[in-house]
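**Student:**
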Amino acid sequence: MLDTLKGKISLVYLSLVLVIAIVGIISVLNLYSLSKAINGLMTDNYKSINAVTNMLEAVERQDSAMLIYMNVDRQKGIDMFSENTSTFNEWFDIERNNITELGEQTYVDKINNYYELYLKSFSQLQELHNVDTNKAVSYYNTKIIPDFNDLKKEMSELSLLNEKAMFSKKANVTNNTRKSMYILLLLSAFAVTGGFLLSRISTNRFLTPIYSLTQTIKLVKAGDLNKQIKVTSTDEIGELAEEFNNMTKRLQQYEQSTLGQLMTEKNKSLAIVKSITDPIIVLDVNYKIVLLNNAFEKFFNIREEKVVNRHFLEAVRNGEIFDHITSVMNSKEEYKEKIVYVKSDEEYYFNVVVTNIKDANSNITGLIAVFQNVTQLKKLEKVKTDFLATISHELKTPLTSIVMGTSLILDESMGLLNADQKSVISTMNEDEIKLSNLVNELLELSKIESDRAIFNIESCSIEGIIETSIRQFFEQSLQKDLSLYSDVEDNLPKVKADDEKILWVVNNLITNALKYTNAGDEISIKAYAKDKLMYVTVKDTGIGIPEEFQERIFEKFIQVKGQDKEVRGTGLGLSIVKDIIEAHHGTIKCESKLDVGSTFTFTLPLSEKE
Ligand code: ADP
Numbered sequence: 013m014l015d016t017l018k019g020k021i022s023l024v025y026l027s028l029v030l031v032i033a034i035v036g037i038i039s040v041l042n043l044y045s046l047s048k049a050i051n052g053l054m055t056d057n058y059k060s061i062n063a064v065t066n067m068l069e070a071v072e073r074q075d076s077a078m079l080i081y082m083n084v085d086r087q088k089g090i091d092m093f094s095e096n097t098s099t100f101n102e103w104f105d106i107e108r109n110n111i112t113e114l115g116e117q118t119y120v121d122k123i124n125n126y127y128e129l130y131l132k133s134f135s136q137l138q139e140l141h142n143v144d145t146n147k148a149v150s151y152y153n154t155k156i157i158p159d160f161n162d163l164k165k166e167m168s169e170l171s172l173l174n175e176k177a178m179f180s181k182k183a184n185v186t187n188n189t190r191k192s193m194y195i196l197l198l199l200s201a202f203a204v205t206g207g208f209l210l211s212r213i214s215t216n217r218f219l220t221p222i223y224s225l226t227q228t229i230k231l232v233k234a235g236d237l238n239k240q241i242k243v244t245s246t247d248e249i250g251e252l253a254e255e256f257n258n259m260t261k262r263l264q265q266y267e268q269s270t271l272g273q274l275m276t277e278k279n280k281s282l283a284i285v286k287s288i289t290d291p292i293i294v295l296d297v298n299y300k301i302v303l304l305n306n307a308f309e310k311f312f313n314i315r316e317e318k319v320v321n322r323h324f325l326e327a328v329r330n331g332e333i334f335d336h337i338t339s340v341m342n343s344k345e346e347y348k349e350k351i352v353y354v355k356s357d358e359e360y361y362f363n364v365v366v367t368n369i370k371d372a373n374s375n376i377t378g379l380i381a382v383f384q385n386v387t388q389l390k391k392l393e394k395v396k397t398d399f400l401a402t403i404s405h406e407l408k409t410p411l412t413s414i415v416m417g418t419s420l421i422l423d424e425s426m427g428l429l430n431a432d433q434k435s436v437i438s439t440m441n442e443d444e445i446k447l448s449n450l451v452n453e454l455l456e457l458s459k460i461e462s463d464r465a466i467f468n469i470e471s472c473s474i475e476g477i478i479e480t481s482i483r484q485f486f487e488q489s490l491q492k493d494l495s496l497y498s499d500v501e502d503n504l505p506k507v508k509a510d511d512e513k514i515l516w517v518v519n520n521l522i523t524n525a526l527k528y529t530n531a532g533d534e535i536s537i538k539a540y541a542k543d544k545l546m547y548v549t550v551k552d553t554g555i556g557i558p559e560e561f562q563e564r565i566f567e568k569f570i571q572v573k574g575q576d577k578e579v580r581g582t583g584l585g586l587s588i589v590k591d592i593i594e595a596h597h598g599t600i601k602c603e604s605k606l607d608v609g610s611t612f613t614f615t616l617p618l619s620e621k622e
């Protein structure tokens, strides 16, 4: 029974019930003995006292009967005497049957003898009275009265004996009552203290293993799987502790096996990372270095053990890379890449690909940055740009003079042309203008791509730029029967931009919109500020762009197939637009639907200055 918790708890309750039962039984016994003692007081002694009192009354009346007999009426005296004799005997019988005290029997016997004498003396008195009244009176005074007094004395003493016994019993009862009270008080105190101690000790005993179980569970929860609970009992809690220990052992084994697997996987990944020829660095959320590979050590001329746990900027003092890294950590994007120029012993261009590392709950726990060396590509691109710039520059001057020459011939200021000559020269002139535009745009592109520092970035008003642009194209829009208008929010903040370049962008977007719309269409330009950015949209209700071209139109020389060849330009405009916007740290996108229209939206950073 004591093997189970249930048994232990039942035992405690049983003990408490037993104590309560003992206290109850003792109380009942005490009350019973008290009631018996009180009963004794009432029945035994009080009965005797009462009987003696009535006996005394009867003999007193018998005495009166004698006097009545002698002095008043003989018959009445005799009747009264015998009547009280019966009364006396009645009470005497009660007393005789109620002998409770020591010495009481002697008194009863004496009273019996004296009473018998008293009765006889009345017969004697009657005989004397019949003979001589005086002798009878003298007999009464000398013999009967002393006997009567003796009888009364014995009865008084009997009464006193009972009275004394009654008082002594009463004292006994009081004493016993007090004793019972003390005993009950003591027992109750004992029961209360015992019960309290028993419940406390047993509660502690039952709870201690539960406390230690809770403590251990907390430690295990915190990761200390070595913790085992000391099993001290074989009851339900002991069983629970044992099962818990088994569980932690299994967890430990599991952890060790998964840990082993994880370690192997980690080592594999580490070996892969270390062997990759591109520099790689892993940072935690506080930008402290967790890991870097051999290529990183080589390129940045640092030793891993010296920089691990140090801030990224302590190892690589490059603000541009750090800004790029922080922008990924702060953005919701999975990864971002950016080409960064790095100058160490040599000049490098790296495409820095930064990817967030997330835990199972998608919380960012760090990031990994891979530095793809694109120096060669960059160099090639530069050669290409320089080449384009040189060619365009070299072509620009002769082309201008060719255009001017053919224009002069077409003017016929140098002589009249026949219809065929005019048509050939006119076609030549159109193509020369196109070629000249292409060369100009190529030159523009190469300028932007070769050196972005030529941008004159300052705080400027986008409303002003939009107004200027609309003014420039208003006439043209009227001629094409188009509605061109701006819808700009009031009190727009200023933007951080090169106003000439942004004017070029807006002009280019409006030129395109004019090109790819028909009479009756609308072109609207909107501007609004949101989330620290200025949004500018150029929307037309023109022919639209097929979906597959919407991303690609920002690439160089991409033109939508099937569009009117007459209106086509060089295919470089949007590419230059994109370059300019990106040089301002903005973005541009195109949303379009065939036969519904196109919307070009670009963003610019807001100026901190007002
Ligand atoms: P282009 O000088 O040929 O206009 P762009 O780079 O400016 O070159 O534009 C690339 C191509 O994108 C255009 O040839 C045209 O097919 C398409 N495009 C640009 N803007 C619009 C527009 N608003 N509506 C329809 N198509 C457009």
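Going from the sequence shown to the numbering used here is simple: count from 1 and add 12.
We treat Cβ as the ideally placed atom computed from N, Cα and C, and that holds for glycine.
Check whether the Cβ atoms of Val365 and Glu349 lie closer than 8 Å to each other.
**Tutor:** Numbered from its first residue, the sequence shown carries residue 365 at position 353. Numbered from its first residue, the sequence shown carries residue 349 at position 337. Taking 8 Å as the cut-off, the Cβ atoms of Val365 and Glu349 count as close.
**Student:** Of the residues Asp91, Gln138, Asn188, which one's Cα is nearest the Cα of Ser39?
**Tutor:** Here the question's residue 39 lines up with position 27 in the sequence shown. Comparing Cα-Cα distances from Ser39 to each of Asp91, Gln138, Asn188, the minimum goes to Asn188.
**Student:** Could you pull the DSSP bridge partners for Ser536 from this structure?
**Tutor:** Looking up residue 536 in the sequence shown gives position 524. Tyr497, Lys551, per the DSSP bridge assignment.
**Student:** For Val386, which of Thr397, Val354, Asn375 has the nearest alpha-carbon?
**Tutor:** On the sequence shown, residue 386 is found 374 positions in, with the first residue counted as 1. It is Val354 whose Cα lies nearest to the Cα of Val386.
**Student:** For Ala465, name the three-state secondary structure that DSSP assigns.
**Tutor:** Counting from 1 along the sequence shown, the entry for residue 465 is found at position 453. Confidence at Ala465 is low in this model, with a pLDDT of 44, below 50, so the placement of that residue is unreliable and no value is reported for it.
**Student:** To the nearest angstrom, how far is it from the Cα of Pro505 to the Cα of Ala541?
**Tutor:** Taking the sequence shown and counting its residues from 1, the one referred to as residue 505 is at position 493. Taking the sequence shown and counting its residues from 1, the one referred to as residue 541 is at position 529. Computed Cα separation, rounded: 7 Å.
**Student:** Compute the minimum distance between the beta carbon of Asp552 and the heavy atoms of ligand 1, and state whether it is under 7 Å.
**Tutor:** Position 540 of the sequence shown, counted from the start, is the residue given in the question as residue 552. Correct: Asp552 has its Cβ closer than 7 Å to ligand 1.
**Student:** If you measure between the beta carbons of Ile61 and Asn174, is that distance less than 8 Å?
**Tutor:** Locating residue 61 in the sequence shown gives position 49, where the first residue counts as 1. Locating residue 174 in the sequence shown gives position 162, where the first residue counts as 1. Closer than 8 Å, so yes.
**Student:** Would you kindly work out how many angstroms separate the C-alpha atoms of Ser619 and Asp510, rounded to a whole number?
**Tutor:** For the purposes of this step, residue 619 is taken as the residue at position 607 of the sequence shown. For the purposes of this step, residue 510 is taken as the residue at position 498 of the sequence shown. So the alpha carbons of these two residues sit roughly 12 Å apart.
**Student:** Is Ser438 close to chain B, meaning its C-beta is less than 8 Å from at least one C-beta of that chain?
**Tutor:** Reference to chain B is not applicable here, since this structure consists of a single protein chain.
**Student:** Would the stretch 398–410 count as touching the stretch 369–388 if we require 3 or more Cβ pairs under 8 Å?
**Tutor:** Contact fails: fewer than three Cβ-Cβ distances are below 8 Å.
**Student:** For my contact list, Tyr514 and Ile522 are in at a C-beta cut-off of 8 Å; report their separation, rounded to the angstrom.
**Tutor:** For the purposes of this step, residue 514 is taken as residue 502 along the sequence shown, with counting starting at 1. For the purposes of this step, residue 522 is taken as residue 510 along the sequence shown, with counting starting at 1. Per the sequence shown, residue 514 should be read as Ile rather than Tyr. The Cβ separation is near 13 Å, so there is no contact.
**Student:** Taking only heavy atoms of ligand 1 into account, decide whether any of them is closer than 7 Å to the Cβ of Thr582.
**Tutor:** Walking along the sequence shown from the start, residue 582 turns up at place 570. It does: the Cβ of Thr582 is within 7 Å (strictly closer) of some heavy atom of ligand 1.
**Student:** Please state the DSSP three-state secondary structure of His323.
**Tutor:** Position 311 of the sequence shown, counted from the first residue, corresponds to residue 323. Correct three-state label for His323: strand.
**Student:** Do Val35 and Val200 have their beta-carbon atoms positioned less than 8 Å apart in this structure?
**Tutor:** Residue 200 sits at position 188 when you count from the first residue of the sequence shown. Residue 35 sits at position 23 when you count from the first residue of the sequence shown. The sequence shown places Ser at residue 200, rather than the Val named in the question. Inclusion of Ser200 and Val35 in the CB contact set at 8 Å is warranted, their separation being smaller than that value.
**Student:** Just how far apart, CA to CA, sit Phe561 and Leu447?
**Tutor:** Mapped onto the sequence shown, residue 561 falls at position 549. Mapped onto the sequence shown, residue 447 falls at position 435. Rounded to whole angstroms, Phe561 to Leu447 spans 24 Å at the Cα level.
**Student:** If I measure Cβ to Cβ from Ile593 and keep anything under 8 Å in the same chain, skipping five residues before and after, which residues do I get?
**Tutor:** Mapped onto the sequence shown, residue 593 falls at position 581. For Ile593, where only same-chain residues beyond five positions count, the Cβ hits under 8 Å are Val517, Thr599, Ile600, Phe614, Thr615, Leu616.
**Student:** How big is the Cα-Cα spacing for Ile249 and Val31?
**Tutor:** Reading the sequence shown from its first residue, position 237 is the one you call residue 249. Reading the sequence shown from its first residue, position 19 is the one you call residue 31. Cα to Cα, the separation comes out at about 28 Å.
**Student:** Which word fits Ala465, buried or exposed, when buried means at least 16 other C-beta atoms lie within 10 angstroms of its C-beta?
**Tutor:** Taking the first residue of the sequence shown as position 1, residue 465 is located at position 453. Annotation note: pLDDT 44 at Ala465 (below 50); position unreliable, no value reported.
**Student:** May I ask which residues mark the beginning and end of the beta strand (DSSP E) holding Gln384?
**Tutor:** Along the sequence shown, one-based indexing puts residue 384 at 372. Taken as a continuous stretch (DSSP letters only), the beta strand (DSSP E) holding Gln384 covers 376–385.
**Student:** What does DSSP give as the partner residue(s) for Thr611 in the beta ladder?
**Tutor:** Taking the first residue of the sequence shown as 1, we reach residue 611 at position 599. Paired residues: Lys551, Glu603.
**Student:** With the cut-off set at 8 Å, would you say Met78 and Phe93 are in Cβ contact?
**Tutor:** On the sequence shown, position 66 is the one that residue 78 refers to. On the sequence shown, position 81 is the one that residue 93 refers to. Going by C-beta atoms, Met78 is nearer than 8 Å to Phe93.
**Student:** To the nearest angstrom, how far is the alpha carbon of Ser435 from that of Ser473?
**Tutor:** The sequence position of residue 435 within the sequence shown is 423, counting from 1. The sequence position of residue 473 within the sequence shown is 461, counting from 1. Looking at the two C-alpha atoms, the distance is approximately 47 Å.
**Student:** Between the alpha carbons of Leu392 and Phe362, how many angstroms are there, rounded?
**Tutor:** For the purposes of this step, residue 392 is taken as the residue at position 380 of the sequence shown. For the purposes of this step, residue 362 is taken as the residue at position 350 of the sequence shown. If you draw a straight line from the Cα of Leu392 to the Cα of Phe362, it comes to about 14 Å.
**Student:** In angstroms with no decimal places, state the Cα-to-Cα distance between Arg217 and Glu254.
**Tutor:** The count along the sequence shown starts at 1 and reaches residue 217 at position 205. The count along the sequence shown starts at 1 and reaches residue 254 at position 242. C-alpha separation (whole angstroms): 18 Å.
**Student:** Between the Cα of Thr244 and those of Thr226, Thr220, Ala234, Arg262, spot the shortest distance and give me the residue it belongs to.
**Tutor:** In the sequence shown, counting from the first residue as 1, residue 244 sits at position 232. Comparing Cα positions, the closest option is Thr220.
**Student:** What are the partner residues of Thr270, as DSSP defines its beta bridges?
**Tutor:** Position 258 of the sequence shown, counted from the first residue, corresponds to residue 270. DSSP, once it has assigned bridges, lists no residue as partnering Thr270.
**Student:** Given Glu424, which residues of its chain have a CB within under 7 Å of its CB, disregarding the five upstream and five downstream residues?
**Tutor:** For the purposes of this step, residue 424 is taken as residue 412 along the sequence shown, with counting starting at 1. So no residue of the chain qualifies.
**Student:** Does the beta-carbon distance from Asp591 to Ile460 come in below 8 Å?
**Tutor:** Here residue 591 refers to the residue found at position 579 when the sequence shown is read from its first residue. Here residue 460 refers to the residue found at position 448 when the sequence shown is read from its first residue. It is a contact, given that the beta carbons lie within the stated cut-off.
**Student:** Can you give the beta carbon distance from Ala177 to Glu107, rounded, assuming they're within the 8 Å contact cut?
**Tutor:** The residue given as residue 177 occupies position 165 in the sequence shown. The residue given as residue 107 occupies position 95 in the sequence shown. Contact doesn't hold; Cβ gap of about 14 Å is too wide.
**Student:** Going by beta carbon distance, what residues of the same chain come within less than 7 Å of Ser133, once the five residues before and after it are set aside?
**Tutor:** Here residue 133 refers to the residue found at position 121 when the sequence shown is read from its first residue. The beta carbon of Ser133 sits closer than 7 Å to the beta carbons of Lys155, Ile156, Asp159 from its chain, once the five residues preceding and following it are set aside; these are given in chain order.
**Student:** Could you give the DSSP three-state label for Met193: helix, strand or coil?
**Tutor:** Translated into the one-based positions of the sequence shown, residue 193 becomes position 181. If DSSP states are grouped into helix, strand and coil, Met193 belongs with the helices.
**Student:** Tell me which residues share the same chain as Gln74 and place their Cβ nearer than 6 Å to its Cβ, disregarding the 5 neighbours each side in the sequence.
**Tutor:** Numbered from 1 along the sequence shown, position 62 holds the residue referred to as residue 74. Within the same chain, Gln74 has close Cβ partners Phe93, Asn96.
**Student:** Find out if the Cβ-Cβ distance for the pair Glu444, Ile482 is shorter than 8 Å.
**Tutor:** The count along the sequence shown starts at 1 and reaches residue 444 at position 432. The count along the sequence shown starts at 1 and reaches residue 482 at position 470. No.
**Student:** Figure out for me which residue from Asn430, Glu567, Gly585 has the closest Cα to the Cα of Glu456.
**Tutor:** Taking the first residue of the sequence shown as position 1, residue 456 is located at position 444. Looking at the Cα atoms, Gly585 is the closest of the given residues.
**Student:** Judging by CA-CA distance, which residue of Ala283, Ala307, Met275, Asn238 is the nearest neighbour of Arg262?
**Tutor:** The residue given as residue 262 occupies position 250 in the sequence shown. For the residues Ala283, Ala307, Met275, Asn238, the minimum Cα distance to Arg262 belongs to Asn238.
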